[in-house]
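Residue numbers (the UniProt record's numbering): 1 to 328.
All C-beta atoms in this analysis are idealised placements derived from N, C-alpha and C, irrespective of residue type, glycine included.
Model, not experiment: these values are computed from the prediction.
Okay, structure first, notes after.
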């Protein structure tokens, strides 16, 4: 299992710390924005990806904007042992924290800060910005809109904790490190995530498979538990999508998001920030939703009709041959 971490320093822009993944999440930009708290998980053919976004930290940048983390997990095949514990612990803790503002403030982001010092973040970001990373590690791209651009900005206000906004004598973010990054430095982001996960509550054995039809609310504990189970199902080689989408705020938009993402025979679980009544309305819209892809059914019917006609022709031919042979 690969783990990627994205954040910014006091002066530098957002970027991944170390290795950089493909920006596959842009496919969902009309359904969720990675500038705010959210979760996107998808799987296809045994490969799976889980992205947690908008995780706030106690740190602020030079413009007094709240700094956030994004954490990406990627793998092929079901995660086992420690990998499963890390993935599910972090996913569950993040979703539960979304229902408790105090937990968001003191949770995963604060834990990552304890293991990723400002100087370490500055060094990793500077190396990536200059392309000064080990072979096989790509240039660090931007994941979300940068500070100063439309739509960017802090998630919440200042933490009020002294000393966090002004680290002592930070190096020039445009200057690459004088010496190459070590393997230990490149591994630091993933090590930090694993260390934070070790402090979280353990998870139960794998849950039963999640429903293939579901819209819920991130405010409801049962729905959050259902989303955790869906993420685990995707990581266990089931294809589909699961996520907490932060753009839909009405029943209609939540249902439209599910309708857009759902495919026959595939897992699809969508949570949004909706009250109970809106969730019930959204589910009613799903109940009357037409088949998203009726074409395969038509093709199967045409194919079956073709085989039936061929069998009929062969049967008639066999009877004709038998009749001619009897006449002789």
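| Item | Value |
| --- | --- |
| CB-CB under 6 Å to residue 308, same chain, minus the five flanking residues each way: which ones, in chain order? | none |
| Grouping DSSP H, G and I as helix and E and B as strand, with all else coil, what is residue 238? | coil |
| Can you give me the start and stop residues for the alpha helix (DSSP H) that residue 111 sits inside? | 108-115 |
| Tell me the residue span of the alpha helix (DSSP H) that contains residue 98. | Premise fails: residue 98 is in no alpha helix (DSSP H) and is neither H nor E. |
| Rounded to the nearest angstrom, how far is the Cβ of residue 26 from that of residue 16, given a contact under 8 Å? | At roughly 15 Å, the Cβ-Cβ gap does not stay under 8 Å, so residue 26 and residue 16 are not in contact. |
| So which of 47, 122 and 52 has the shortest CA-CA distance to residue 61? | 122 |
| So residue 247 and residue 7 are supposed to be a Cβ contact under 8 Å. How far apart are they, rounded? | Wrong, their Cβ atoms sit about 23 Å apart, outside the cutoff. |
| Enumerate in chain order the residues of its own chain whose CB-to-CB distance from residue 78 is below 8 Å, with the five nearest sequence positions on each side excluded. | 84, 235, 236 and 237 |
| Please state if the CB of residue 267 and the CB of residue 218 are separated by a distance shorter than 8 Å. | no |
| State yes or no: is the C-beta of residue 215 within less than 8 Å of the C-beta of residue 282? | yes |
| Hey, could you find the ends of the alpha helix (DSSP H) residue 256 is sitting in? | 251-261 |
| Give every residue of the same chain whose Cβ lies closer than 6 Å to the Cβ of residue 241, excluding the five residues on either side of it in the sequence, and list them in chain order. | 42, 261 and 268 |
| Put residue 10 into one of helix, strand or coil per three-state DSSP. | coil |
| Give the DSSP-derived three-state secondary structure of residue 46 in the structure shown. | coil |
| Are residue 71 and residue 52 close, meaning C-beta to C-beta below 8 Å? | yes |
| In whole angstroms, give me the CA-to-CA distance for residue 39 and residue 231. | 10 Å |
| On the criterion of 16 or more Cβ atoms from any shown chain inside 10 Å, does residue 114 qualify as buried, or is it exposed? | exposed |
| So, with DSSP's three-state summary, where would you put residue 62? | coil |
| Whose C-beta lies closer than 7 Å to the C-beta of residue 44 among residues of the same chain, with five residues either side of it excluded? | 239 |
| Determine the extent of the alpha helix (DSSP H) in which residue 193 is found, giving its start and end residues. | 183-198 |
| With residue 215 as the anchor, note down where its beta strand (DSSP E) starts and where it stops. | 214-217 |
| Determine, using beta carbons only, whether residue 74 and residue 37 come nearer to each other than 8 Å. | no |
| Hey, residue 95 and residue 257: beta-carbon distance below 8 Å or not? | no |
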